[in-house]
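What follows is a single structure, written as structure tokens, with notes after it.
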Amino acid sequence: MKQKQNYKYINQAKKTISQEEGITLKDWGGKLPVALVWPNSYRVGMSSLALHSVYRLFNDEPDVVCERVFFGDQQAPRRDEPVMSLESQRRLDEFAVVAFTISYEMDYFNVVAMLRQAGIPLFAAERDESWPLIIAGGPAIYTNPEPMADIFDAIAIGEAEAIVPPLVDALWDVSDAPRREAYERLAKVDGMYIPAIHHGDHIVPRVWIKDIETQPTVTQIYTDRTEFGDRTLVEIARGCGRGCRFCMAGYVYRPMREMHLDTVLALARHGLKHRDRIGLVSAAVSDHSWIDQIAIELRKMGARLTASSMRTDPISEPLIKGLAESGNQTLTIAPEAGSVRMRKVINKPQSDDQIMHVVELAAKYNFPQLKMYFMVGQPTETEEDVEAIAQLALAARAVFPRNMAINATPYVPKSHTAFQWAAMMPVEVLENRVKYLQDRLNPNGVTVRSDSPAWAAVEGVLARGDRRLGRVIARMRKVNLREWQRALEAEGLSQDEFLRERDVTEKLPWDSVTTGVSKAFFSWDLRRALRDDLTAACPPAGCLKCNACDEEWALRPNYEDALGPNMGAYGDNFIPLQV
248 MKQKQNYKYI NQAKKTISQE EGITLKDWGG KLPVALVWPN SYRVGMSSLA
298 LHSVYRLFND EPDVVCERVF FGDQQAPRRD EPVMSLESQR RLDEFAVVAF
348 TISYEMDYFN VVAMLRQAGI PLFAAERDES WPLIIAGGPA IYTNPEPMAD
398 IFDAIAIGEA EAIVPPLVDA LWDVSDAPRR EAYERLAKVD GMYIPAIHHG
448 DHIVPRVWIK DIETQPTVTQ IYTDRTEFGD RTLVEIARGC GRGCRFCMAG
498 YVYRPMREMH LDTVLALARH GLKHRDRIGL VSAAVSDHSW IDQIAIELRK
548 MGARLTASSM RTDPISEPLI KGLAESGNQT LTIAPEAGSV RMRKVINKPQ
598 SDDQIMHVVE LAAKYNFPQL KMYFMVGQPT ETEEDVEAIA QLALAARAVF
648 PRNMAINATP YVPKSHTAFQ WAAMMPVEVL ENRVKYLQDR LNPNGVTVRS
698 DSPAWAAVEG VLARGDRRLG RVIARMRKVN LREWQRALEA EGLSQDEFLR
748 ERDVTEKLPW DSVTTGVSKA FFSWDLRRAL RDDLTAACPP AGCLKCNACD
798 EEWALRPNYE DALGPNMGAY GDNFIPLQV
């Protein structure tokens, strides 16, 4: 069916880009056209620093023109209305390459909806060289590519900075090639997983960059139509060495790599030309070895500060003070579990005293709201552990006199973590535990929020599923729980077979890729978790124990020259502080 122009979207797109700063507009002549697709709304996508980074990386290539495409902004209900790019308002099928960046498993439904809306065949086997190459990257899909493997021609395993330049060379080589020839060429690019030819015992390792200062990740496009439109986002570190056993991001972005103080300040100084607020981004902002100095120096520059995530062990009081002075309305911390025992199980050994110290600082610096993040349903959790969440929240409420909220998020086991073999707690149990916390805390001035346990179970299936799920997703014309169950049943599947406990000797769907940390390490760490034992945090120099570091990184000379003075997160032997 010939698709007609969507004039409403064209006018909307032109208005949107007229309100942006930093956009890249290129002539298409002689260039490889790449559609960079965020399978969610413009507001969500432009809030992602990852999208900014990949957009820059593609457009830094002189022979590439990269344009953004979003889902949900076009309001195009009819099948004959096209999916179009933002910059030039071209249809998706006019691009040589359609590159999805996928950070959340639940966006898989939107991927299928966008391809269907664009009139592009859903499955790679149905597309020949007359169609664009459909590729993907991002943490959701590269940690387990199998649920969407039949849909994509190629999937990037690892960090974009290491993949995009050689990938562009390969894409030029195969621009007119038959699909099989294209697949064989793309398979030669380090970090590229080709579902049509990679299967069985073939394993694709992730690729990563050792020096993030060579490719700083900062806001590229400024727009007020985003969650962070009032600030410049600056990645101050990548990865985390703490080893929280539930945290996929903490493992797949190992080893931790810091931006030096001088680099952070230089990036911030440039960002202040655009916005007066600087957002510090990393897996654990307060773990940065220069965090006190960063906060102090940025305030001297007149910057207002925000921070993405903070631990309480230790906490940076200069950072807390800077956040308060910058007018932040909420201080957010993430104990994750209420009891000391559960915090040992998940390898996040923050003591009650450390947590309460931060609550006291929130009160001292007059934050209007305190938010605490917890998870319910983590492995070995009991009703006593849930009650411990309530008691910790009530203790915090007694100290913090203003608005207070907790998030009690259902835990979803993820691939490439120590808990990748664990069963997901039944939906009914999760619902009961969330309701218990609501009944205990809401009447006492603590607002309890939670994601839907039923939808968390869907996420759990997608996170640890296999190739059969592509057909399930393709069956769904509407995204709701009833359609999901019908699609599963039509394919002869059930949620239980994906949410069950798995034996550590079992071959897992995501064994086709490695993200650094070895399966043997995860198995060893799981045994420690079940004994309530802590595992050492990564030493700043790196090591060769979990397999995330190579010898070049772990044995690099003079590593300590780049570290700042704030190493209080580690004991004498670089072991997490004991509780």
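For the sequence shown, this note's numbering gives the first residue as 248, with consecutive numbering after it.
Glycine residues also receive a C-beta, built at the ideal position from the N, C-alpha and C atoms.
Bear in mind that the values here come from a model prediction, so they are computed numbers and not experimental data.
Counted within 10 angstroms of its Cβ, other Cβ atoms place residue i as buried (16 or more) or exposed
i      : result
GLN336 : buried
MET495 : buried
GLY574 : exposed
ALA387 : buried
ARG696 : exposed
ASP560 : buried
GLU373 : exposed
GLU482 : buried
LYS591 : buried
ASP750 : exposed
PRO804 : exposed
GLN732 : exposed
GLN266 : exposed
PRO582 : buried
ARG747 : exposed
LYS661 : buried
GLY497 : buried
ASN287 : buried
LEU296 : buried
TRP275 : exposed
ASP632 : buried
N- and C-terminal bounds of the alpha helix (DSSP H) containing residue i
i      : result
PRO386 : 386-390
PHE614 : Here PHE614 belongs to no alpha helix (DSSP H), and DSSP marks it neither H nor E.
PRO412 : 407-420
LEU728 : 728-737
PRO700 : 700-710
TRP285 : Per DSSP, TRP285 belongs to no alpha helix (DSSP H); it is in the beta strand (DSSP E), 279-285.
Nearest-angstrom beta carbon gap, residue j and residue i [assumed within contact, 8 angstroms]
i      : j      : result
MET589 : GLU630 : In fact, because the Cβ distance is near 12 angstroms, the residues do not count as touching under 8 angstroms.
ASP539 : ASN306 : Wrong, their Cβ atoms sit about 36 angstroms apart, outside the cutoff.
GLY269 : GLN467 : 5 angstroms
LEU283 : ARG315 : 5 angstroms
ILE349 : GLY385 : 4 angstroms
GLY811 : TRP537 : 3 angstroms
Beta-carbon proximity list for residue i, same chain, < 8 angstroms, skipping 5 on both sides
i      : result
LYS457 : ARG504, GLU799, TRP800
GLN616 : GLN576, THR577, LEU578, ARG649, ASN650, MET651, ALA652
PRO324 : A caution first: PRO324 carries a pLDDT of 42, below 50, which makes its placement in the model too unreliable to give a value.
ALA429 : GLU376, LEU380, ASP400, VAL421
GLU753 : TRP668
Cut-off 7 angstroms between Cβ atoms - residues of its own chain near residue i, not counting five sequence neighbours on either side
i      : result
ALA640 : MET619, ILE653, LEU688, VAL693
GLU564 : LEU608
ARG492 : ILE593, ASN594, THR664, ALA665, PHE666, ASP772, ALA776
GLN322 : Confidence in GLN322 is poor, its pLDDT being 43 and thus under 50, which makes the residue's placement unreliable; the coordinate value appears in the next sentence. No residues qualify anywhere along the chain.
LEU369 : VAL359, LEU362, ARG363, ILE398, ALA721
GLU231 : Because the chain here runs from 248 to 826, residue 231 falls outside it and cannot be looked at.
SER300 : ALA407, THR464
PRO502 : GLY486, GLY488, CYS785, GLY789, ALA795, CYS796, TRP800
TYR355 : PRO394, MET395, LEU709, ILE720
ILE264 : ILE270, LEU333, GLU334
Contact check, residue i vs residue j, beta carbons under 8 angstroms
i      : j      : result
HIS663 : VAL499 : yes
VAL849 : PRO413 : As displayed, the chain neither begins before 248 nor continues past 826, which places residue 849 out of reach and without an answer.
ALA531 : MET557 : yes
VAL312 : LYS262 : no
ILE636 : GLY585 : yes
MET353 : ASN253 : no
ALA396 : ILE381 : no
ALA542 : MET603 : no
SER202 : LEU527 : Outside the displayed span of the chain (248 to 826) sits residue 202, for which this structure offers no information.
GLY763 : ASN727 : no
VAL623 : ALA670 : no
SER529 : ALA484 : yes
GLY707 : PHE745 : yes
ARG522 : THR479 : yes
ALA571 : ALA515 : no
Cβ-based neighbour list, residue i, same chain, cut-off 6 angstroms, excluding 5 preceding and 5 following
i      : result
PRO452 : THR761
THR271 : ASN306
PRO700 : PRO657, VAL674, LEU677, GLU678
ASP437 : VAL454
ILE404 : TYR389, GLY438, TYR440, VAL451, ARG453, VAL760
GLU308 : VAL415
Run of the beta strand (DSSP E) containing residue i, from where it starts to where it stops
i      : result
VAL345 : 344-348
ASN654 : 650-657
VAL511 : Note, VAL511: premise wrong, no beta strand (DSSP E); alpha helix (DSSP H) at 508-518.
PRO582 : 577-583
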